Amino acid sequence: MKALHRALCAVAATAASFSCAHAGVTINGTRVVFPAERREVSLSMVNDGKEARLIQAWVDTGDASERAESSKAPFLITPPMARVDPGKGQTLRILFTGTANPPQDRETVYWLNVLEIPPKPTAGGDAAENYMQLAVRSRMKLFYRPTGLPGSADSAPGQLAWRLVGEGNGYAVECTNDTPFNVSFSDVSFKGAPQKASVNKGGMCPAKGKETFPLSGRPGAEQKLVVTVINDYGGFNAHEASYTR
Numbered sequence: 001m002k003a004l005h006r007a008l009c010a011v012a013a014t015a016a017s018f019s020c021a022h023a024g025v026t027i028n029g030t031r032v033v034f035p036a037e038r039r040e041v042s043l044s045m046v047n048d049g050k051e052a053r054l055i056q057a058w059v060d061t062g063d064a065s066e067r068a069e070s071s072k073a074p075f076l077i078t079p080p081m082a083r084v085d086p087g088k089g090q091t092l093r094i095l096f097t098g099t100a101n102p103p104q105d106r107e108t109v110y111w112l113n114v115l116e117i118p119p120k121p122t123a124g125g126d127a128a129e130n131y132m133q134l135a136v137r138s139r140m141k142l143f144y145r146p147t148g149l150p151g152s153a154d155s156a157p158g159q160l161a162w163r164l165v166g167e168g169n170g171y172a173v174e175c176t177n178d179t180p181f182n183v184s185f186s187d188v189s190f191k192g193a194p195q196k197a198s199v200n201k202g203g204m205c206p207a208k209g210k211e212t213f214p215l216s217g218r219p220g221a222e223q224k225l226v227v228t229v230i231n232d233y234g235g236f237n238a239h240e241a242s243y244t245r
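1 is the number of the first residue of the sequence shown in this note's numbering; add one for each residue after it.
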């Protein structure tokens with residue numbers, strides 16, 4: 001499972017100087033899959049810094065402005081807040097509350113938030129009295145996966161339909177996903193085109209929906225794309241896909 005590292009910077013400022021201390025928490029995963037038949041799933045992390053960190057975690061419905069106290073997502077995280085000492089780990093338990101009724105014919109995407117808060121400076125003098133404290137929030141997708149969906153998440157990328165469309169003076173590809181699984185990409189490019197000229201920033205083709213991905217570069221003679229899919233474990237699987245015009 002690919003580790004996701006988020007750095008945190010606490011700033012201590014005085015009239016004559018500026019200092020920045022770096023620390024961070026490593027989250028063991030880049031996404032969470034919540035099978036409906038499970039009572040709970042867990043996510044672990046470790047504090048690689050030299051000081052304790054306060055962690056707050058919650059799930060939102062896709063609105064980044066939703067805070068823990070205002071979230072409408074049907075999930076509970078325990079502990080919602082925790083102190084993580086240097087070199088120590090913390091496991092979050094994510095539970096489905098049943099307070100909402102997500103569609104049962106497809107996956108629903110929610111977002112897991114992990115907010116890391118640094119300690120107040122303890123040094124004496126101006127550094128302890130005049131400082132700016134910065135906290136970093138990490139957001140990762142949480143896929144609620146109903147029981148009994150036809151097919152599989154691994155086979156879904158191969159069932160997508162791609163169509164080349166014009167976008168301004170360039171190109172884009174429209175992805176149609178008739179499967180019940182959301183398919184995420186790290187990049188999409190024209191086969192044979194220079195990577196630096198053809199790769200976009202990735203995205204997601206939603207379950208039973210469609211999405212358009214802008215591309216740079218020019219189509220090749222084979223009319224094929226190179227699509228790098230992100231699997232359930234955060235791994236990258238590249239494959240070729242044909243497209244229509």
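We treat Cβ as the ideally placed atom computed from N, Cα and C, and that holds for glycine.
As the structure is a prediction and not an experimental result, all values here were calculated from the model.
**Request:** Give the secondary structure of A156 by DSSP, where H, G and I count as helix, E and B as strand, and everything else as coil.
**Result:** Here residue 156 corresponds to residue number 156 of the sequence shown, with the count starting at 1. Helix, per DSSP.
**Message:** Considering only their Cβ atoms, is the gap separating L164 from R83 smaller than 8 Å?
**Reply:** Within the sequence shown, numbered from 1, the residue matching residue 83 stands at position 83. Within the sequence shown, numbered from 1, the residue matching residue 164 stands at position 164. It is not a contact, given that the beta carbons lie outside the stated cut-off.
Secondary structure at E211, three-state DSSP: helix, strand or coil?
The residue given as residue 211 occupies position 211 in the sequence shown. Strand, per DSSP.
Below 8 Å on the Cβ atoms is my contact criterion, and I expect F190 with R218 to pass it. Report the Cβ-Cβ distance as a whole number of Å.
What you label residue 190 is simply residue 190 of the sequence shown in a count that begins at 1. What you label residue 218 is simply residue 218 of the sequence shown in a count that begins at 1. Contact flag correct, Cβ pair sits at about 7 Å.
What does a CB cutoff of less than 6 Å around K72 pick up in its chain, not counting 5 residues either side in sequence? Here residue 72 corresponds to residue number 72 of the sequence shown, with the count starting at 1. Hits under 6 Å: T61.
For R31, which residues in the same chain have their Cβ closer than 8 Å to its Cβ, ignoring the five residues on either side in sequence? Working through the sequence shown from its first residue, we reach residue 31 at position 31. Contacts found: M140, K141, L142, F143, S184, I230, D232 and G234.
Limits of the beta strand (DSSP E) - the one that K224 falls within: The sequence position of residue 224 within the sequence shown is 224, counting from 1. Here the beta strand (DSSP E) through K224 covers K224 to I230.
* Asked: Using DSSP with H/G/I as helix, E/B as strand and the rest coil, what is F143?
  -> Here residue 143 refers to the residue found at position 143 of the sequence shown. In this structure, F143 counts as strand in the three-state DSSP scheme.
Check R218 in the structure and name its three-state DSSP category. The count along the sequence shown starts at 1 and reaches residue 218 at position 218. R218 falls in the coil class under three-state DSSP.
Check: Rounded to a whole number of angstroms, what is the C-alpha to C-alpha distance between T108 and R93?
Finding: Taking the sequence shown and counting its residues from 1, the one referred to as residue 108 is at position 108. Taking the sequence shown and counting its residues from 1, the one referred to as residue 93 is at position 93. Their Cα atoms are separated by approximately 19 Å.
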